[in-house]
Amino acid sequence: MTTTIPENTPLGVMLKAFDMGLQMKAQDEKLLVWPDALLSASMRSELTRWKWQLMYLLAARFLIVYSETLGRTVFFAEDESAKNALIVAGAEESSIYTLEEIEHLAKANRESAITGKELCLLSEAKTVFNGRFTEAK
Numbered sequence: 005m006t007t008t009i010p011e012n013t014p015l016g017v018m019l020k021a022f023d024m025g026l027q028m029k030a031q032d033e034k035l036l037v038w039p040d041a042l043l044s045a046s047m048r049s050e051l052t053r054w055k056w057q058l059m060y061l062l063a064a065r066f067l068i069v070y071s072e073t074l075g076r077t078v079f080f081a082e083d084e085s086a087k088n089a090l091i092v093a094g095a096e097e098s099s100i101y102t103l104e105e106i107e108h109l110a111k112a113n114r115e116s117a118i119t120g121k122e123l124c125l126l127s128e129a130k131t132v133f134n135g136r137f138t139e140a141k
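Sequential numbering of the sequence shown, starting at 5, is according to this note's numbering.
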């Protein structure tokens, strides 16, 4: 299973911009991008097209991680707002883990170590059932 981030999404454009060596931030309803020397006309056009979605995404707190165990890219989102920003920007919902979900997994791992195989099964179940990790009741 792999996470594919289409280039024609805000997230794909942001990652491509970072790969080109560009930096960006949202400030006062403006999307600031630098250095100018690395900014091509086509990238400027893409950034303009996705300006508001990129600004929303830049305000979110999250990490992008490639998991060797899962064999795919996953996102660690601080909260539901960050998760929603990632979804709107083009991330697959099943590839996003909120801080709350990570805390539940960490707690379960402390109680009984989760193997790599079990983590893969849990991730697959999250995808198949469009689920989330919560505390067992």
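Yeah, the Cβ is synthetic: ideal placement off N, Cα and C, and Gly gets one too.
Between which residues of its own chain and residue i is the CB-CB distance below 7 Å, once the five residues before and five after are set aside?
i: Leu62; result: Met28, Lys29 and Ala30
i: Met59; result: Ala30 and Leu35
For a quick check, are the C-beta atoms of residue i and residue j less than 7 Å apart?
i: Ile100; j: Lys111; result: no
i: Ser127; j: Leu74; result: yes
Looking only at its own chain, which residues have a Cβ that is under 8 Å from the Cβ of residue i, when we skip the five neighbours before and after it?
i: Trp38; result: Leu26, Gln27 and Met28
i: Arg136; result: Thr102, Glu105 and Lys130
Whose C-beta lies closer than 6 Å to the C-beta of residue i among residues of the same chain, with five residues either side of it excluded?
i: Thr131; result: Ser98
i: Met24; result: Leu42
Rounded to whole angstroms, what's the CA-CA distance from residue i to residue j? Just pull it up for me.
i: Arg53; j: Ile68; result: 23 Å
i: Ala21; j: Ala117; result: 39 Å
i: Phe66; j: Leu36; result: 20 Å
i: Ser49; j: Glu139; result: 45 Å
i: Leu125; j: Asp40; result: 45 Å
Kindly give me the distance between the Cβ atoms of residue i and residue j, rounded to whole angstroms, as I take these residues to be in contact under 8 Å.
i: Leu51; j: Val17; result: 7 Å
i: Ser71; j: Val78; result: 5 Å
i: Leu19; j: Ala95; result: Contact flag wrong, Cβ pair sits at about 11 Å.
Buried or exposed: which applies to residue i, given that a residue is buried once 16 or more other Cβ atoms fall within 10 Å of its Cβ?
i: Pro10; result: exposed
i: Arg114; result: exposed
i: Ala45; result: exposed
I want to check one thing, is the minimum distance from the CB of residue i to the heavy atoms of the ligand HEM below 6 Å?
i: Leu62; result: The ligand HEM is absent from the structure shown, which contains no ligands of any kind.
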